[in-house]
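K.L.:
Please read through the structure below; I'll follow up with questions.
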Amino acid sequence: MTEPVLINRSILIALMVVVQTLTPPLAALASLYVVTQVWHVSFEHSPSTLAVIITLQFLVLTHPPRDLSTQLTWRPVSASIGVVLRWALLLAVLLIVGHSTNAFRAYPQRAFETWALVTPAALVICSLIVGQIMQRVVLSAVGGRKVIFAGYNSSSLALARTLESNPALRLQVEGFFDDRGSDRLNMEADTRLVGRLSELAAFAKEHNIDVIFIALPVRHIKRVLDLLDDLRDTTASIYYVPDIFVFDLIQARSSELNGIPVVAMCETPFYGYRGLTKRLIDIGVSVAFLVCASPLLLLIALMVKLSSPGPVVFRQRRYGLDGHEIMVYKFRTMTVTEDGVQIRQASRTDSRITPIGRFLRRYSLDELPQFINVLQGRMSLVGPRPHAVAHNEQYRTLIKGYMVRHKVRPGITGLAQINGARGETARLEEMEARIKLDLEYLRGWSPGLDFKIMALTFVKIFRDDKAF
Numbered sequence: 000m001t002e003p004v005l006i007n008r009s010i011l012i013a014l015m016v017v018v019q020t021l022t023p024p025l026a027a028l029a030s031l032y033v034v035t036q037v038w039h040v041s042f043e044h045s046p047s048t049l050a051v052i053i054t055l056q057f058l059v060l061t062h063p064p065r066d067l068s069t070q071l072t073w074r075p076v077s078a079s080i081g082v083v084l085r086w087a088l089l090l091a092v093l094l095i096v097g098h099s100t101n102a103f104r105a106y107p108q109r110a111f112e113t114w115a116l117v118t119p120a121a122l123v124i125c126s127l128i129v130g131q132i133m134q135r136v137v138l139s140a141v142g143g144r145k146v147i148f149a150g151y152n153s154s155s156l157a158l159a160r161t162l163e164s165n166p167a168l169r170l171q172v173e174g175f176f177d178d179r180g181s182d183r184l185n186m187e188a189d190t191r192l193v194g195r196l197s198e199l200a201a202f203a204k205e206h207n208i209d210v211i212f213i214a215l216p217v218r219h220i221k222r223v224l225d226l227l228d229d230l231r232d233t234t235a236s237i238y239y240v241p242d243i244f245v246f247d248l249i250q251a252r253s254s255e256l257n258g259i260p261v262v263a264m265c266e267t268p269f270y271g272y273r274g275l276t277k278r279l280i281d282i283g284v285s286v287a288f289l290v291c292a293s294p295l296l297l298l299i300a301l302m303v304k305l306s307s308p309g310p311v312v313f314r315q316r317r318y319g320l321d322g323h324e325i326m327v328y329k330f331r332t333m334t335v336t337e338d339g340v341q342i343r344q345a346s347r348t349d350s351r352i353t354p355i356g357r358f359l360r361r362y363s364l365d366e367l368p369q370f371i372n373v374l375q376g377r378m379s380l381v382g383p384r385p386h387a388v389a390h391n392e393q394y395r396t397l398i399k400g401y402m403v404r405h406k407v408r409p410g411i412t413g414l415a416q417i418n419g420a421r422g423e424t425a426r427l428e429e430m431e432a433r434i435k436l437d438l439e440y441l442r443g444w445s446p447g448l449d450f451k452i453m454a455l456t457f458v459k460i461f462r463d464d465k466a467f
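In numbering that gives the first Met the number 0, the protein residues as written are 0 to 467.
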């Protein structure tokens, strides 16, 4: 929702936005100063290093609110999680810069570690305090505003419910206008049909309506234009609400191209800083895992080599980002290395699986080489599991929206896997259930969801009876 719906800007609010934006980096800088004093390190010991730290802090931690509506619906828990995630991103960048340039030798390791552990608490506390103050400032400037809807449908009803469930927005729904009667509309009991569309403009002027949402279908554009013409004599803010619920949207958002407004109806969730955040998490976790698990990887490779003839690592073509073919690595678990037009899925009693391969598949250890795929940029830690090209070609014609899952990099694990939608898909319904969860992941992605999936994957490894 855009700001004019809620409030006109004021000098005080603009000032508070600046304060809220600068609080995290300044709090982190203050924390660094305190830590250096505790460990008896000169704060300005290395001016160039300090300049790098300050610059990165302001680039990563500076996070202005997208609009004032976020202040009215502000939630302390989600705000705190956001601050901590940005801090983790900053640390990752600092570690990469520090190890590649040796720029941070001026600061002892114990001082840096203390700063890394103490600062998140300081950031959360400061952000919560400033956030509470900001919310009070915005609320004090927002008077109650009256809202009406032109058109009764799933979109207008959903928006009305959102306004009613967020009293802090100070938007009071007066009712709906529609040329159909309440019986035809099947209106819910607690909704009010005020009148016909031709009566809306007069009602808006007589009752001093502040905001009007036009929620008429696109096919009724003539009616929309007539309504806009009737409303020229009012001072109400007017917004058009497309009936988006008739579409199956993936990461829908509005934008503009050279001043022309456009609405994304099916798009990747990893745009802008979100893509950078996910990629840095992928690289950081993958490098740490491959370094720590290298003895285990060598042991598994030796066991595979000694157990049966054939390559240690099995390479198979899969579909990756935007449907482009990629080569995916796995420890070989079968006596065959199929990658043709037709590929038979592994079953519980499959004779092709080697004894060591059965153990590796049971605990998903055969997937570990895919951490290399992640570093290559072919895969991600979390995302829809990649299917063999032969299976993709089969299911893309049978399941609506199947290829949409390729709007992101495939993952080592995913939402479908932690919900039991893995293993053999003997029936079409089983694959449909998996695709449904993959698309749900695309709609609701967040860094927190990725970490949750990774944690649950580790737990599921020891409980999943579908791994064979």
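Idealized CB from N, CA, C, for every residue including glycine.
#1: Check whether the Cβ atoms of Ser-126 and Pro-23 sit closer than 8 Å, and answer yes or no.
#2: For Ile-280, tell me which candidate among Ile-371, Pro-446, Gly-356 has the shortest Cα-Cα distance.
#3: Assign Ala-201 to buried or exposed, taking buried as 16 or more other Cβ atoms, counted over all protein chains shown, within 10 Å of its Cβ.
#4: What is the DSSP secondary structure of Gly-194, counted as helix, strand or coil?
#5: Please give the ranges of any alpha helix (DSSP H) in the stretch 379–444, keeping only runs that are unbroken, at least 4 residues long and fully inside the region.
#6: Evaluate contact between the stretch 360–373 and the stretch 386–406, counting only Cβ atoms and requiring at least three cross-stretch pairs below 8 Å.
#7: I'd like the span of the beta strand (DSSP E) that includes Leu-90, first residue to last.
#8: Is the stretch 94–103 touching the stretch 285–303 in the sense that three or more CB pairs, one from each, lie closer than 8 Å?
#9: With distance defined between alpha-carbon atoms, name the residue in Val-40, Leu-90, Val-37 nearest to Ile-53.
#10: On a Cα-Cα basis, can you pick out the residue from Glu-428, Ile-434, Tyr-401, Arg-426 that is closest to Gly-413?
#11: What number of angstroms, rounded off, separates the C-alpha of Tyr-270 from the C-alpha of Lys-145?
#12: Met-133 by DSSP, collapsed to three states: which one?
#13: Assign Asn-391 to buried or exposed, taking buried as 16 or more other Cβ atoms, counted over all protein chains shown, within 10 Å of its Cβ.
#14: Would you identify the three-state DSSP class for Arg-218, choosing helix, strand or coil?
#15: Kindly indicate which residue of Leu-230, Val-311, Ile-211 has the alpha-carbon position closest to the one of Tyr-238.
#16: When the Cα of Ser-79 is compared with those of Thr-118, Ala-159, Leu-367, Ala-425, which residue comes out closest?
#17: Tell me which same chain residues have a C-beta within less than 7 Å of the C-beta of Met-326, skipping the five on either side of it?
#18: For the stretch 191–207 and the stretch 158–166, state whether three or more C-beta atom pairs, one from each stretch, are separated by less than 8 Å.
#19: Can you find the residues in the same chain that come closer than 6 Å, C-beta to C-beta, to Arg-8, ignoring five residues on each side of it along the sequence?
#20: Any contact between the stretch 426–440 and the stretch 400–417? By contact I mean 3 or more CB pairs, one from each, below 8 Å.
#21: In the DSSP assignment, what are the bridge partners of Ser-236?
#22: Here's the rule: buried if 16 or more other CB atoms are within 10 angstroms of the residue's CB, otherwise exposed. What is Asn-372?
#23: From what residue to what residue does the beta strand (DSSP E) around Leu-170 run?
#24: Compute the beta-carbon to beta-carbon distance between Ala-149 and Leu-199, rounded to the nearest angstrom, for a pair I have assumed lies under 8 Å.
#25: Can you give me the C-alpha to C-alpha distance between Arg-404 and Leu-441, rounded to a whole angstrom?
#26: Quick check on the DSSP output: the alpha helix (DSSP H) that includes Ser-375 runs from which residue to which?
#27: Provide the residue span of the alpha helix (DSSP H) that contains Ala-159, from first to last.
#28: Return the residue from the list Phe-175, Gly-143, Ala-157, Arg-179 that minimises the CA-CA distance to Pro-166.
#29: With a CB to CB cut of under 7 Å and the five nearest residues on each side skipped, what residues in its chain are close to Trp-114?
#30: Should His-386 be labelled buried (16 or more other beta-carbon atoms within 10 Å of its own) or exposed?
#31: Judging by CA-CA distance, which residue of Pro-409, Leu-427, Asp-321, Thr-190 is the nearest neighbour of Asp-449?
#32: Three-state secondary structure (DSSP) at Gln-19?
#33: Excluding five sequence neighbours on each side, which residues of the same chain lie with their C-beta closer than 6 Å to the C-beta of Cys-265?
#34: Consult DSSP for Gln-56 and reduce its assignment to one of helix, strand or coil.
P.N.:
Inspection of the coordinates gives the following:
#1: Taking the sequence shown and counting its residues from 1, one reaches residue 126 at position 127. Taking the sequence shown and counting its residues from 1, one reaches residue 23 at position 24. Yes, they are a contact pair.
#2: Residue mapping note: residue 280 aligns to position 281 of the sequence shown, counting from 1. Of the listed residues, the one whose Cα sits closest to Ile-280 is Pro-446.
#3: Here the question's residue 201 lines up with position 202 in the sequence shown. Ala-201 is exposed by the Cβ-count criterion.
#4: Stepping through the sequence shown from its first residue, residue 194 is reached at position 195. Of the three classes helix, strand and coil, the one that applies to Gly-194 here is strand, per DSSP.
#5: 388–394, 414–417, 427–443
#6: no
#7: The residue labelled residue 90 in the question sits at position 91 within the sequence shown. Counting along the chain, Leu-90 falls outside any beta strand (DSSP E), though it belongs to the alpha helix (DSSP H) covering 75–100.
#8: The stretch 285–303 is not in contact with the stretch 94–103.
#9: Mapped onto the sequence shown, residue 53 falls at position 54. It is Leu-90 whose Cα lies nearest to the Cα of Ile-53.
#10: The residue labelled residue 413 in the question sits at position 414 within the sequence shown. Gly-413 has its Cα closest to that of Ile-434, out of Glu-428, Ile-434, Tyr-401, Arg-426.
#11: Reading the sequence shown from its first residue, position 271 is the one you call residue 270. Reading the sequence shown from its first residue, position 146 is the one you call residue 145. When rounded, the distance between both Cα atoms is 35 Å.
#12: Stepping through the sequence shown from its first residue, residue 133 is reached at position 134. Met-133 falls in the helix class under three-state DSSP.
#13: Locating residue 391 in the sequence shown gives position 392, where the first residue counts as 1. Classification of Asn-391: buried, given that the 10 Å Cβ count is 16 or more.
#14: In the sequence shown, the residue the question calls residue 218 occupies position 219. Reduced to three states, the DSSP call for Arg-218 is helix.
#15: Mapped onto the sequence shown, residue 238 falls at position 239. Here the closest residue by C-alpha is Ile-211.
#16: Against the sequence shown, residue 79 aligns to sequence position 80. Closest option to Ser-79, Cα to Cα, is Thr-118.
#17: Numbered from its first residue, the sequence shown carries residue 326 at position 327. The answer, listed in chain order, is Arg-314, Arg-316.
#18: Contact between the stretch 191–207 and the stretch 158–166 is absent: fewer than three C-beta pairs spanning the two stretches fall below 8 Å.
#19: Here residue 8 is taken as the residue at index 9 of the sequence shown, counted from 1. Here the model assigns Arg-8 a pLDDT of 45, short of 50, so the residue's position is not dependable and the matter cannot be decided.
#20: yes
#21: By 1-based counting over the sequence shown, the position of residue 236 is 237. Answer by DSSP bridge pairing, in chain order: Val-210.
#22: On the sequence shown, residue 372 is found 373 positions in, with the first residue counted as 1. The residue is buried, with at least 16 neighbouring Cβ atoms inside 10 Å.
#23: Taking the sequence shown and counting its residues from 1, one reaches residue 170 at position 171. Note, Leu-170: beta strand (DSSP E), 170–176.
#24: Residue mapping note: residue 149 aligns to position 150 of the sequence shown, counting from 1. Residue mapping note: residue 199 aligns to position 200 of the sequence shown, counting from 1. About 6 Å separates the CB atoms of Ala-149 and Leu-199; that is less than 8 Å, so the two are in contact.
#25: Position 405 of the sequence shown holds residue 404. Position 442 of the sequence shown holds residue 441. A direct Cα-to-Cα measurement between Arg-404 and Leu-441 gives close to 8 Å.
#26: Working through the sequence shown from its first residue, we reach residue 375 at position 376. Strictly speaking, residue 375 in this sequence is Gln, with Ser absent from that position. Element bounds for Gln-375: 369–375.
#27: As a first step, residue 159 must be located in the sequence shown, where it is residue number 160. Start and end: 153–164.
#28: Taking the sequence shown and counting its residues from 1, one reaches residue 166 at position 167. Pro-166 has its Cα closest to that of Gly-143, out of Phe-175, Gly-143, Ala-157, Arg-179.
#29: Counting from one through the sequence shown, the residue named residue 114 turns up at place 115. Ser-30, Leu-31, Val-34, listed in sequence order.
#30: Reading the sequence shown from its first residue, position 387 is the one you call residue 386. Buried: at least 16 other Cβ atoms inside 10 Å.
#31: Residue mapping note: residue 449 aligns to position 450 of the sequence shown, counting from 1. Answer by Cα proximity: Pro-409.
#32: In the sequence shown, the residue the question calls residue 19 occupies position 20. Correct three-state label for Gln-19: helix.
#33: On the sequence shown, residue 265 is found 266 positions in, with the first residue counted as 1. The residues are Ile-249.
#34: In the sequence shown, the residue the question calls residue 56 occupies position 57. DSSP places Gln-56 in helix when its eight states are reduced to three.
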